[in-house]
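Chains D and U supply the protein sequences, listed in that same order.
Residues are numbered in this note's numbering as their position in the first sequence, beginning at 1, plus a constant of 73.
Residues are numbered in this note's numbering as their position in the second sequence, beginning at 1, plus a constant of 11.
The block underneath contains the structure these notes are about, expressed in structure tokens.
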Amino acid sequence: MTKPFHKKLLEKIVEGILALSGSITSLAVLLIVIFLFKEGLGLFKRSPVAEGYVLAVNKNNPVNRIDSKVVKRIFDQEITNWKSITGKNDTIITFRLDNLNSYYSDEKIGANLENLSVCISSLVDSISGIIAFVPQKNITNDFKGKLVKPENVSAGEFFLGKEWYPTAEPSAQFGVLPLLLGTLWVSLGAILLSLPLGLAVAIYMAEVANPRIRNIFKPIIELLAGIPSVIYGFFGLVVIVPLIQSIFNLPVGETALAGSIILAIMALPTIITIAEDSIRTTPRSMKEASLALGASRWQTIYRIVIPYSISGITAAAILGIGRAVGETMAVLMVTGNAAVIPHSFLQPVRTIPATIAAELGESSQGGPHYQALFILGCILFILTLIINLTVEYISSRNKLAKR
Amino acid sequence: MAKIETIDANLYYGDFHALKNISMKMELNTVTALIGPSGCGKSTYLRLFNRMNDLIDNVRITGQILVDDEDIYSKNINVDELRIKVGMVFQKPNPFPKSIFENVAYGLRVNGEKNKSFIEDTVVHSIKQAALWDEVSDKLNKSAFELSGGQQQRLCIARALAISPSVILMDEPASALDPLSTAKIEELIHELKKEYTIVIVTHNMQQASRVSDYTAFFYLGELVEYGQTVEIFTKPKLKHTENYITGRFG
């Protein structure tokens, strides 16, 4: 007997809806990734000099292009002579609009800055070692100086640069290394703290605790996973940060260590739950065989149970790292956010997610800073992708090993 | 002197009375088969002798179990040492996810044996005793999972033998195996009888009659009849036993 037509139709419709929602979801994920990379990669076609501004030098100056890093060092007065950047032996004199009054009086410039362009032009013409950071609109056709182009932001500079000054003028610095290392550093600290503890709790709950105690512990630990991260941030800021400050006698307590501790607490539920599940998969017969051979309970745990569930434990650790790498709010609140390459756990650090959260609001849409933040997003995406693929690989290998 | 003696043993899983007033003796270097329908308590009884029931929550045991005239449930008994003396082979082959060699060496290692050559000798000797040597001598470092089910079970027997127990408990050791492997295990039991006291739980009547010297028939937690295997199988005293053995129920 065939099904009535309306039932068949209903089935078809449900099937269609399911297929549609599946494809829409995948498409959305794909679009987000494409959007992320499209926005981010535009950065490498851009000049790091603030939009609407140019750099000008005397027309006799042989230098035509300047690296953005060099621009910053010039304006920070770290480079003071043109000869150190392939120019003539001449002292560098930096000029910004703020300095205008030391060269020209207000009357000369004009009440409404109507003579500004002329002033800049003659200034650049008269001082041979000058480098001027001026608005594009004040460069007229009869400008007597020469414009120098800073190099575009290069990938090498981006990934290996040690300085992150995205709003620096005249030339922003997009060195992602401190942020990347900060993220990894805080995550490393977190995993070093949470793995031993999480593993201990997992073993306790799976092998040692009696069911009554386990039934109390388990929901509490799962509750930890449900607390919003900003609450963890509060807790860290109010309790852990002052504690670290007084214990280590530091000027500020907002350090990588504080971030690691908070992340460790946040990663614990993930680690405990996954590791415990994995430990529980050890067949009872395997444990009984070990005990029947005169092994004690502890010998059974570390010689049989842990080796048997090691891949699950590894997956737990890696997922814990994944949780730590991507965490934003709590870390933003307690790590101090100084974009320097960390050398100890007692220094402030700045992580990638915290950077994005803190800076996206103040960057102008479509500008280099904005794009740089998107590349940070890409890096974060790739990091978590690697982590997930590793977990996938480990658990698939595990299935093979256990037949 | 009885190797194992049970005096009025009772076992409760919570409120469930699983073993009722069991009393029996097992002689040195004999094979005793425990038979009975599923759920009759024969496996539970077997697991009394190496205190495997301790692992289950809510178990209460009364009465006395003596091994070598020592009450194994008294407070001053070291359970780990008891389990060295009373080895066990389980229903399904359960090798560890380690190499063949390490599986057999495991019992020695956990009991603190450090002497390498002693471990090596014992492992080889045990595998030979378990009639497995010819099949695995060239792959001792391969994973135990590469062996067939029957080989794995003999490996588990070798593993139990390696720590030189005096009693071996076997919980349906051949139920998961094909006839050929079963025959090998039975042959092995005959060999082992010379040196060990063996207690075997089995569902297979023919097997019980083939391998055992004594047979105990359990029903609903009670020991119904116990005697020489020949007697039990040819002229059982109770109708109940006869019905079970001949397959009229169970």
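All residues carry an ideal CB built from backbone N, CA and C; glycine is no exception.
Being a predicted model, the structure only gives us computed values, none of them experimental.
In the pairwise beta carbon analysis, the region 169-188 of chain D is classified as touching the region 196-209 of chain D: at least three pairs are separated by under 8 Å. Contact annotation: V422(D) and V314(D) have beta-carbon atoms that are not nearer than 8 Å. Between the alpha carbons of G395(D) and Q438(D) lies a gap of roughly 29 Å. Annotated three-state conformation of A445(D) is helix, per DSSP.
Fewer than three beta-carbon pairs drawn from the region 302-321 of chain D and the region 380-392 of chain D are found closer than 8 Å, and the two stretches are therefore not classed as touching. At least one CB of chain U lies nearer than 8 Å to the CB of S369(D).
Q438(D) is outside the set of residues whose beta carbon lies under 8 Å from a beta carbon in chain U. For M278(D), none of the residues of chain U pass the 7 Å Cβ criterion, the least Cβ distance being about 15 Å. Boundaries around Q239(U) are those of the beta strand (DSSP E), E233 to Q239, since no alpha helix (DSSP H) includes it.
Nearest CB-CB separation between R470(D) and chain U: not below the 8 Å threshold. The beta-carbon distance between T328(D) and F418(D), rounded to whole angstroms, is 7 Å. This is short enough to meet the 8 Å contact definition.
In the DSSP assignment, no residue is bridged to L166(U).
When the Cα atoms are used, L39(U) and K14(U) turn out to be separated by approximately 5 Å.
Identification of residues in the region 374-392 of chain D having a C-beta nearer than 8 Å to some C-beta of chain U yields R376, I377, P380 and Y381, given in sequence order. Scanning the region 298-360 of chain D for uninterrupted alpha helix (DSSP H) segments of 4 residues or longer gives 302-308, 314-320 and 329-353, listed from N- to C-terminal end. Leaving aside the five residues that flank E112(D) on each side, the residues in its chain whose CB is nearer than 8 Å to its CB run, in chain order, Y443, Q444 and F447. Distance check between A171(U) and each of A194(U), Q239(U), F101(U) and I88(U) places F101(U) closest, using alpha-carbon atoms only. Judged by DSSP in its simplified three-state form, F247(D) adopts strand. At a cut-off of 8 Å between C-beta atoms, R165(U) does not count as an interface residue with respect to chain D. DSSP places Q438(D) outside both helix and strand once states are collapsed to three, so it counts as coil.
Using beta-carbon distances, L366(D) counts as an interface residue toward chain U, with a partner under 8 Å. Proximity to I46(U) across K246(U), M216(U), L231(U) and G238(U) peaks at M216(U), based on C-alpha coordinates. Here the alpha carbons of T167(D) and A205(D) stand approximately 6 Å from one another.
At least 8 Å separates the beta-carbon of A368(D) from that of R357(D). Look at S358(D): its C-beta is under 8 Å from a C-beta on chain U. A275(D) is outside the set of residues whose beta carbon lies under 8 Å from a beta carbon in chain U. Closest in alpha carbon position to M359(D), among K103(U), K250(U), A173(U) and Y237(U), is K103(U). Where T208(U) is concerned, the enclosing beta strand (DSSP E) starts and stops at T208 to V212.
When C-beta distances to chain D are compared with 8 Å, the residues of the region 75-92 of chain U below that value are D91 and E92, in chain order. At least 8 Å separates the CB of E112(D) from every CB of chain U. Of K81(D), I212(D), I347(D) and I158(D), the smallest CA-CA separation from L128(D) is found for I212(D). In the three-state reduction of the DSSP assignment, V100(U) falls in the strand class.
For F112(U) and K150(U), the gap between their C-alpha atoms comes out near 9 Å. In this structure D182(U) is buried. Its beta-carbon is surrounded by 16 or more other beta-carbon atoms within 10 angstroms. Chain U has no Cβ within less than 8 Å of the Cβ of Q444(D). Annotation: the continuous alpha helix (DSSP H) that includes V191(D) extends over L189 to S199.
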